[in-house]
Amino acid sequence: MNFKETLSEKTVQIEGILARFLPEEQGFQKRVIEAMNYSILAGGKRLRPMLMAETFRMFGGTGELVEPFMAAVEMVHNYSLVHDDLPAMDNDEYRRGRKTTHVVYGEGMAVLAGDGLLNYAFETACFAFEKAQSPAEYEKVAQAMRVLAGKAGIYGMIGGQCADIEAEEHQEEVTEELLLFIHEHKTAALIQCAMMIGAILAGADREQVDAVEKCAYNIGIAFQIQDDILDVTGSQEVLGKPVGSDEKNGKITYVTLYGLEKSAETVASLSKEAIQILTSFPERNLFLEQLVEQLINRKK
């Protein structure tokens, strides 16, 4: 089976896992659940749960212990997109080729949908405790919960979003240090979260988890710089979202600071180091290595 066929098959499997954990659209809170599910079911690469599952497999993980966390990390990611698209943030009307949640359901309901997804992510992750078969697995789940909370919170994604807003409002001078802080926390943190949790649940040791965290940092920074490149060079038809939004919003990006050529060189360097880390582990996951290369060098 070639890479594209394998990727498609694994994406379908992830969609099935997500579907099992989504809340039912009923009761007086039905509208907010509809808005939550609308954002989750909008498609996307399912990058984070896939990276989690493949890292889990690379370290010899088997069984369903990882599945609640796969769903949870995708819920956290989607809550951030719902809030990111709000008029108070990036004010985007399209994502993944269709209207954003606040356009369809209104701003207030979109805020609640994001809040709902974040809270429901932790409810979902807690199902992993029920799947733990031993005290050792129970401890792994507890460690994974701490990573999920930390990487999603003020010292992770939310911290990056805070710095990004202040940079956009020109309350802080945008230096390379600040820009990398934003990329590390706003984008890389959830990729680190996904891969670290996969490693932890599979029984990786501390040194291996630290190496995975570094690998995921490279993937996240390269992914974001490539996103900045595509915002300049891509098209809405291909990307499924407006291009040129960074310039429209007065946002300083890696491309703004260093230009397209150096940005592309940085992406290549980070990608190479990430792959080197992946190939250093006792067992290799060739699909994971190819996935990382494809994601970093994507055209949409």
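The sequence shown maps to residues 233 to 532 in my numbering.
Cβ coordinates follow ideal geometry from the N, Cα and C atoms, glycine included.
Note that the structure is predicted; figures quoted are calculated from it, not measured.
Hey, glycine 430 and glycine 276: beta-carbon distance below 8 angstroms or not?
no
So, under 8 angstroms CB-CB, leucine 520 and leucine 510 are touching, yes? Tell me the CB distance rounded to an integer number of Å.
6 angstroms
What residues in its chain sit with their C-beta under 8 angstroms from that of phenylalanine 413, if we drop five residues either side in the sequence?
Excluding sequence neighbours, phenylalanine 413 sits near Gly392 and Ala395.
Hey, how far is the Cα of asparagine 305 from the Cα of isoleucine 265?
Note on residue identity: the sequence assigns valine, not asparagine, to residue 305. Cα to Cα, valine 305 sits roughly 18 angstroms from isoleucine 265.
Can you say whether asparagine 310 is buried or exposed, counting buried as having 16 or more other CB atoms within 10 angstroms of its CB?
buried
Taking only three categories from DSSP, how would you classify lysine 331?
strand
So what does tyrosine 370 bridge to, in DSSP terms?
Tyrosine 370 is not bridged to any residue.
From the DSSP output, read off the bridge partner residues of alanine 326.
The residue you asked about is not alanine; residue 326 is tyrosine in the sequence shown. Partner(s): Lys331.
What is the rounded straight-line gap between the Cα of glycine 382 and the Cα of phenylalanine 291?
22 angstroms
Could you check if proline 367 is buried or exposed, using at least 16 other CB atoms within 10 Å of its CB as the buried criterion?
exposed
Provide the residue span of the alpha helix (DSSP H) that contains proline 511, from first to last.
Sequence inspection shows threonine at residue 511; the proline mentioned does not correspond to that position. No alpha helix (DSSP H) holds threonine 511; DSSP gives it neither H nor E.
Is the Cβ-Cβ distance between phenylalanine 253 and proline 300 less than 8 angstroms?
yes
Mind checking whether alanine 285 and methionine 307 have CB atoms under 8 angstroms apart?
no
Classify proline 319 as helix, strand or coil using the three-state DSSP reduction.
Coil.
Using the rule of at least 16 other Cβ atoms within 10 Å of the residue's Cβ for burial, across every protein chain shown, is arginine 327 buried or exposed?
buried
How should threonine 533 be labelled, buried or exposed, when 16 other C-beta atoms within 10 angstroms of its C-beta is the threshold for buried?
Residue 533 is absent from the model: the chain starts at 233 and stops at 532.
Counting only beta-carbon atoms, is methionine 341 nearer than 8 angstroms to chain B?
The chain inventory of the structure shown lacks chain B, comprising one protein chain alone.
Can you give me the start and stop residues for the alpha helix (DSSP H) that phenylalanine 253 sits inside?
235-253
In its own chain, which residues sit with a C-beta less than 7 angstroms from the C-beta of tyrosine 387, not counting the 5 before and 5 after it?
Contacts found: none.
Once the 5 residues before and after lysine 242 are set aside, which same chain residues still bring their CB inside 7 angstroms of it?
Met282
My guess is that isoleucine 451 and alanine 384 are in contact by the Cβ rule of under 8 angstroms, so how many angstroms apart are they, rounded?
Rounded, the Cβ-Cβ distance is 17 angstroms, inconsistent with contact.
In angstroms, rounded to a whole number, what distance separates the CA positions of valine 343 and threonine 238?
Each residue's Cα considered, the two are about 36 angstroms apart.
For methionine 377, which residues from the same chain have a beta carbon less than 7 angstroms from its beta carbon, with the 5 sequence-adjacent residues on both sides left out?
Ala357
Could you tell me the boundaries of the alpha helix (DSSP H) in which alanine 426 lies?
421-434
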